[in-house]
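Residue numbers (the numbering used here), protein chains in the order written: chain A, 12 to 293; chain B, 12 to 293; chain C, 12 to 293; chain D, 12 to 293. The beta carbon of each residue, even a glycine, is placed where N, CA and C say it ideally should be.
4 protein chains.
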Amino acid sequence: ADAGRLVVRCPDRPGIVAVLSRLLADVGANITDSQQHSSDPTGGTFTLRLEFVLADLAERRRQLEGALDLLARQWQMTWRLTEAAHRPTVAIFVSRTDHVLQELIYRVRAGDLRADITAVVSNHPDLEPVARTAGIPFHHVPVTPGTKEQAEARALEIVGDADLVVLARYMQIVSADFCGRFPERLINIHHSFLPAFVGANPYQAAHDRGVKLIGATAHYVTPELDAGPIIEQEVARVDHRATVEDMRRVGRYVERQVLAQAVTWHVEDRVIVEGDRTIVFA
Amino acid sequence: ADAGRLVVRCPDRPGIVAVLSRLLADVGANITDSQQHSSDPTGGTFTLRLEFVLADLAERRRQLEGALDLLARQWQMTWRLTEAAHRPTVAIFVSRTDHVLQELIYRVRAGDLRADITAVVSNHPDLEPVARTAGIPFHHVPVTPGTKEQAEARALEIVGDADLVVLARYMQIVSADFCGRFPERLINIHHSFLPAFVGANPYQAAHDRGVKLIGATAHYVTPELDAGPIIEQEVARVDHRATVEDMRRVGRYVERQVLAQAVTWHVEDRVIVEGDRTIVFA
Amino acid sequence: ADAGRLVVRCPDRPGIVAVLSRLLADVGANITDSQQHSSDPTGGTFTLRLEFVLADLAERRRQLEGALDLLARQWQMTWRLTEAAHRPTVAIFVSRTDHVLQELIYRVRAGDLRADITAVVSNHPDLEPVARTAGIPFHHVPVTPGTKEQAEARALEIVGDADLVVLARYMQIVSADFCGRFPERLINIHHSFLPAFVGANPYQAAHDRGVKLIGATAHYVTPELDAGPIIEQEVARVDHRATVEDMRRVGRYVERQVLAQAVTWHVEDRVIVEGDRTIVFA
Amino acid sequence: ADAGRLVVRCPDRPGIVAVLSRLLADVGANITDSQQHSSDPTGGTFTLRLEFVLADLAERRRQLEGALDLLARQWQMTWRLTEAAHRPTVAIFVSRTDHVLQELIYRVRAGDLRADITAVVSNHPDLEPVARTAGIPFHHVPVTPGTKEQAEARALEIVGDADLVVLARYMQIVSADFCGRFPERLINIHHSFLPAFVGANPYQAAHDRGVKLIGATAHYVTPELDAGPIIEQEVARVDHRATVEDMRRVGRYVERQVLAQAVTWHVEDRVIVEGDRTIVFA
Numbered sequence: 012a013d014a015g016r017l018v019v020r021c022p023d024r025p026g027i028v029a030v031l032s033r034l035l036a037d038v039g040a041n042i043t044d045s046q047q048h049s050s051d052p053t054g055g056t057f058t059l060r061l062e063f064v065l066a067d068l069a070e071r072r073r074q075l076e077g078a079l080d081l082l083a084r085q086w087q088m089t090w091r092l093t094e095a096a097h098r099p100t101v102a103i104f105v106s107r108t109d110h111v112l113q114e115l116i117y118r119v120r121a122g123d124l125r126a127d128i129t130a131v132v133s134n135h136p137d138l139e140p141v142a143r144t145a146g147i148p149f150h151h152v153p154v155t156p157g158t159k160e161q162a163e164a165r166a167l168e169i170v171g172d173a174d175l176v177v178l179a180r181y182m183q184i185v186s187a188d189f190c191g192r193f194p195e196r197l198i199n200i201h202h203s204f205l206p207a208f209v210g211a212n213p214y215q216a217a218h219d220r221g222v223k224l225i226g227a228t229a230h231y232v233t234p235e236l237d238a239g240p241i242i243e244q245e246v247a248r249v250d251h252r253a254t255v256e257d258m259r260r261v262g263r264y265v266e267r268q269v270l271a272q273a274v275t276w277h278v279e280d281r282v283i284v285e286g287d288r289t290i291v292f293a
Numbered sequence: 012a013d014a015g016r017l018v019v020r021c022p023d024r025p026g027i028v029a030v031l032s033r034l035l036a037d038v039g040a041n042i043t044d045s046q047q048h049s050s051d052p053t054g055g056t057f058t059l060r061l062e063f064v065l066a067d068l069a070e071r072r073r074q075l076e077g078a079l080d081l082l083a084r085q086w087q088m089t090w091r092l093t094e095a096a097h098r099p100t101v102a103i104f105v106s107r108t109d110h111v112l113q114e115l116i117y118r119v120r121a122g123d124l125r126a127d128i129t130a131v132v133s134n135h136p137d138l139e140p141v142a143r144t145a146g147i148p149f150h151h152v153p154v155t156p157g158t159k160e161q162a163e164a165r166a167l168e169i170v171g172d173a174d175l176v177v178l179a180r181y182m183q184i185v186s187a188d189f190c191g192r193f194p195e196r197l198i199n200i201h202h203s204f205l206p207a208f209v210g211a212n213p214y215q216a217a218h219d220r221g222v223k224l225i226g227a228t229a230h231y232v233t234p235e236l237d238a239g240p241i242i243e244q245e246v247a248r249v250d251h252r253a254t255v256e257d258m259r260r261v262g263r264y265v266e267r268q269v270l271a272q273a274v275t276w277h278v279e280d281r282v283i284v285e286g287d288r289t290i291v292f293a
Numbered sequence: 012a013d014a015g016r017l018v019v020r021c022p023d024r025p026g027i028v029a030v031l032s033r034l035l036a037d038v039g040a041n042i043t044d045s046q047q048h049s050s051d052p053t054g055g056t057f058t059l060r061l062e063f064v065l066a067d068l069a070e071r072r073r074q075l076e077g078a079l080d081l082l083a084r085q086w087q088m089t090w091r092l093t094e095a096a097h098r099p100t101v102a103i104f105v106s107r108t109d110h111v112l113q114e115l116i117y118r119v120r121a122g123d124l125r126a127d128i129t130a131v132v133s134n135h136p137d138l139e140p141v142a143r144t145a146g147i148p149f150h151h152v153p154v155t156p157g158t159k160e161q162a163e164a165r166a167l168e169i170v171g172d173a174d175l176v177v178l179a180r181y182m183q184i185v186s187a188d189f190c191g192r193f194p195e196r197l198i199n200i201h202h203s204f205l206p207a208f209v210g211a212n213p214y215q216a217a218h219d220r221g222v223k224l225i226g227a228t229a230h231y232v233t234p235e236l237d238a239g240p241i242i243e244q245e246v247a248r249v250d251h252r253a254t255v256e257d258m259r260r261v262g263r264y265v266e267r268q269v270l271a272q273a274v275t276w277h278v279e280d281r282v283i284v285e286g287d288r289t290i291v292f293a
Numbered sequence: 012a013d014a015g016r017l018v019v020r021c022p023d024r025p026g027i028v029a030v031l032s033r034l035l036a037d038v039g040a041n042i043t044d045s046q047q048h049s050s051d052p053t054g055g056t057f058t059l060r061l062e063f064v065l066a067d068l069a070e071r072r073r074q075l076e077g078a079l080d081l082l083a084r085q086w087q088m089t090w091r092l093t094e095a096a097h098r099p100t101v102a103i104f105v106s107r108t109d110h111v112l113q114e115l116i117y118r119v120r121a122g123d124l125r126a127d128i129t130a131v132v133s134n135h136p137d138l139e140p141v142a143r144t145a146g147i148p149f150h151h152v153p154v155t156p157g158t159k160e161q162a163e164a165r166a167l168e169i170v171g172d173a174d175l176v177v178l179a180r181y182m183q184i185v186s187a188d189f190c191g192r193f194p195e196r197l198i199n200i201h202h203s204f205l206p207a208f209v210g211a212n213p214y215q216a217a218h219d220r221g222v223k224l225i226g227a228t229a230h231y232v233t234p235e236l237d238a239g240p241i242i243e244q245e246v247a248r249v250d251h252r253a254t255v256e257d258m259r260r261v262g263r264y265v266e267r268q269v270l271a272q273a274v275t276w277h278v279e280d281r282v283i284v285e286g287d288r289t290i291v292f293a
């Protein structure tokens with residue numbers, strides 16, 4: 012039997028779970044996991060994520076889609092159906108530091124992150140060897156204040172129809188237009204526990220403030236800097252001995268963990284944006 | 012509307028979620044949370060925990076129970092229906108240390124643990140003032156090698172029909188008979204990360220072994236010592252400076268957290284025993 | 012033998028450790044713990060904290076003080092000598108929530124926090140029973156916009172010469188003058204991971220921002236709101252299901268842990284303020 | 012100025028710190044970090060680790076060594092003096108899984124682990140490409156029950172005079188003789204929270220026991236299986252959904268973190284074996 016995932020969203024009212032589970036039972040699917048969330052018990056939005064197994068899912072997909080379309084009209088429902096065998100494509104933007112890129116490459120190869128990295132894009136040539144060793148096309152797209160627009164245009168060409176774009180310590184601010192091309196599928200890692208230390212040089216700011224924990228935040232990118240919906244955050248302890256450089260070093264291990272986790276959840280359809288926040292069916 | 016919980020278990024086969032969610036929809040209940048687990052996708056046991064809201068739950072309980080009985084026969088299903096307003100009763104056994112008892116008392120009073128502590132039983136008189144201050148009847152039931160049987164008989168009388176019995180650092184081994192009276196509703200806190208350091212004096216053993224983390228484990232009690240299904244575990248870091256006494260002190264804060272969490276989950280019907288393990292719908 | 016602590020600070024230059032350890036050796040003290048920190052290897056400030064045992068410390072204290080005064084002039088050194096047997100006095104300010112106060116009371120009684128709570132001051136009468144049960148004088152000092160100055164004057168009288176003042180979820184902003192009375196000995200618990208969510212209602216703000224971890228911060232109070240040197244921080248994980256009320260509930264356990272830890276370190280002379288940051292010899 | 016480290020051990024008696032810090036001051040060294048531990052305040056063993064900076068350390072090393080030899084006799088003291096610039100050599104033993112090896116390679120290249128990996132030895136050929144990509148000689152030394160002795164002899168030749176040997180998920184039990192060649196410089200990563208789940212297949216055992224946290228332990232290897240002094244441990248949370256395979260996957264990230272941390276501390280002279288336990292000056 013093939014594994015599939017179904018994510019639906021609709022206004023919350025009694026009966027929706029019964030209807031959807033009946034539909035899956037009728038086609039012979041067995042639900043293996045189910046998670047749901049209601050933004051508000053009265054008048055909110057209902058979100059449901061189902062995992063199921065169904066023989067010949069690829070062939071019977073159209074039948075299922077037809078039934079879901081019907082329900083979508085009746086229940087004002089949006090839905091997304093994914094075959095677990097599908098491997099989404101990911102384009103990764105980096106600058107000069109490789110720790111997050113290395114981690115994503117490792118997790119893909121280890122089978123822990125089911126996706127294909129189709130391109131590495133960078134405003135610096137430094138990480139070409141890392142990409143090349145992993146057999147991933149590397150694209151050097153320099154960015155200067157005067158050429159930013161062209162650079163983004165070039166980057167868009169390279170990214171093509173990738174399912175997901177990841178800013179893996181890409182030290183450039185992308186334009187609102189660029190963000191708009193990848194709604195809810197452009198993920199950034201910010202090297203602080205947001206909303207603390209928005210913007211540049213957060214480890215210096217964290218050191219100056221004398222915090223006892225440093226953090227990292229993976230979030231969807233929106234036009235407002237470091238303000239998009241948060242997917243995952245983690246922290247690590249530091250003490251008074253930690254210099255800014257020590258914080259950077261410790262932080263690297265937090266950053267790679269947080270971004271890899273966020274990307275993994277995203278490609279498994281576990282993250283749903285709801286306003287400024289995310290639902291994560293971990 | 013009133014809040015209710017339904018936990019069902021049955022052999023795993025397609026359609027059970029559809030049937031149960033239809034039943035709840037038909038009586039007008041809105042499912043507010045749903046978690047499920049299958050011990051094995053093929054031929055295993057399916058467990059489902061639903062939270063729902065339903066107007067006049069108390070009055071319509073019988074109707075719901077009748078329908079569930081019907082399904083129970085069709086699906087070889089066991090079920091438990093609870094009104095969230097119900098406050099289970101808890102009897103707590105202690106010896107001389109009060110940290111776990113204090114924590115349970117605090118959480119009940121803070122409203123974080125929805126239960127009523129109906130008795131504190133101890134083989135020592137030391138904690139009577141703690142119980143009295145909290146307005147809980149205290150029962151001193153001394154235990155000596157020769158009087159253990161009578162002591163347990165006396166304890167059983169005191170416990171009566173309490174919904175849950177908690178051994179909150181009760182430094183006595185209870186008999187297999189006693190365990191048998193409280194299947195899946197007798198919880199102990201062991202002051203180690205089980206299965207490491209079974210038995211007496213685990214902090215001394217942890218110190219001798221030179222571990223870098225100490226732990227605590229809340230588990231259901233079965234006749235075999237420290238071997239019952241684990242509900243919750245947590246650890247805390249220690250270093251080479253920690254004496255056995257330091258470990259005891261640090262451990263107290265882990266123990267109280269772990270046991271309070273386990274008891275809270277239990278009284279919210281979130282813990283289901285499956286063989287030697289537990290499902291925890293946290 | 013009696014236990015003592017010595018904390019010294021001076022400009023960093025070679026030899027200071029040799030001189031101080033020689034001094035202690037000469038009086039017959041055995042150093043049982045030693046921690047040091049240099050703000051900058053070249054031209055920074057050196058901080059040293061020693062624990063030692065010395066027979067008849069109380070009687071020989073004057074001798075030791077004389078020798079330290081001599082060194083202080085030679086090395087531009089400040090120092091603080093404490094007998095471990097000394098129990099500092101603490102005044103605690105609260106409003107209506109008792110979780111942090113209860114924790115401090117518990118830790119004092121358990122012997123984990125070696126201090127004496129000499130007064131509980133509150134702008135509300137609610138927690139009088141908590142203080143009374145613990146045998147601590149309770150002082151109701153209402154605060155209104157018009158009477159703030161008088162209220163602080165009254166509070167100062169009550170506090171008297173307490174060694175430490177703790178704001179244990181005291182929902183009032185204290186004046187710059189009040190802060191000035193307790194330099195480096197006025198500790199507040201803020202219910203967020205500072206510098207995120209400065210000011211009122213941080214759990215609401217954390218919820219709106221959709222953070223995945225909530226935190227608490229214990230810091231010395233300075234005239235600028237929530238900007239004083241941080242002593243300790245901790246976080247707890249929350250997910251999309253957590254309401255603001257859930258965050259408050261989870262947060263209570265983080266707050267009590269963080270503040271109790273900070274106060275414990277403070278009374279053991281483990282916290283040294285260095286500019287906007289703290290050295291914590293944990 | 013050059014950075015150096017000095018670790019000394021001797022019977023604990025007053026004056027040793029004074030003497031050593033005087034020695035360093037006299038040669039013009041500035042102590043930048045100092046940590047100490049006494050196994051027992053009366054009659055125990057005293058351990059001191061100093062970091063210092065000293066101009067022309069390499070040239071003045073002999074002078075320092077002479078002075079230390081003198082003190083060693085007076086104080087029954089053992090000592091180890093290291094120039095921070097020195098990069099220890101490490102031989103790594105693996106079998107088929109690469110996650111820990113990859114992590115060590117990454118940390119060396121990132122500069123977080125100051126050591127040189129001089130050989131990768133394996134009983135399987137699988138990881139040759141990983142070693143080759145990193146520019147490290149790979150040695151395939153098959154092990155069968157009948158050839159174990161010869162295999163170890165061959166391995167010893169390869170290791171040569173490496174400063175440290177690391178068993179990075181090497182699925183073979185090494186002989187007592189092999190252990191004896193590398194006293195306190197043979198480190199293993201065991202994939203459980205020791206002493207729970209000694210021996211083979213700990214994730215299966217952890218799953219069967221139903222633990223809620225899985226762990227990993229880095230320890231010095233001694234002839235008794237999984238019983239050597241523990242250097243570092245860490246855990247990760249799992250729930251009832253985790254299969255044995257899930258635990259293995261989660262565990263990989265704990266294992267690599269724990270072993271990398273232990274190796275880093277070891278090469279920085281931060282780990283001192285004391286009986287069955289370790290002192291870790293982290």
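Note on geometry: alpha-carbon atoms of I241 (chain A) and I283 (chain A) lie some 11 Å from one another.
Pairing H218 (chain B) with E285 (chain D), the inter-Cα distance amounts to about 13 Å. In this structure the stretch 201–212 of chain D does not touch the stretch 247–264 of chain B; the number of beta carbon pairs closer than 8 Å is below three. Chain C has a Cβ within less than 8 Å of the Cβ of H251 (chain A). DSSP places R20 (chain C) within a strand segment (E or B) once states are collapsed to three. Judged by pairs of C-beta atoms under 8 Å, the stretch 149–159 of chain A does not touch the stretch 76–95 of chain A, as fewer than three such pairs exist. Sequence-distant partners of V154 (chain D) (beyond 5 residues in either direction) whose C-beta falls short of 7 Å from its own C-beta, in its chain, are N134, A162 and Q183. Fewer than three Cβ pairs drawn from the stretch 52–66 of chain C and the stretch 65–80 of chain D lie within less than 8 Å of each other, which leaves the two stretches out of contact. Fewer than three pairs of CB atoms, one per stretch, sit closer than 8 Å, so the stretch 220–235 of chain D makes no contact with the stretch 123–133 of chain D. Within the stretch 39–60 of chain C, those residues whose Cβ lies closer than 8 Å to any Cβ of chain D are, in chain order, G39, A40, N41, I42, T43, D44, S45, Q46, Q47, S49 and P52.
By the C-beta density criterion, L17 (chain C) is buried, having at least 16 other C-beta atoms within 10 angstroms. The C-beta of D23 (chain B) has 16 or more other C-beta atoms within 10 Å across all chains shown, which makes the residue buried. When CB distances to chain B are screened at a threshold of 7 Å, the residues of the stretch 126–149 of chain C falling below it are T144, in chain order. Secondary structure note for I116 (chain A): its alpha helix (DSSP H) is the uninterrupted segment H110 to A121.
Taking 8 Å as the cut-off, the Cβ atoms of V152 (chain A) and V101 (chain A) do not count as close. Here E279 (chain B) carries a coil assignment [DSSP, helix/strand/coil].
DSSP, read as helix, strand or coil, puts Y181 (chain C) in coil. Per DSSP, I27 (chain B) is one residue of the alpha helix (DSSP H) stretching across I27 to D37. The criterion of a C-beta distance shorter than 8 Å is not satisfied by V274 (chain B) and Q244 (chain B).
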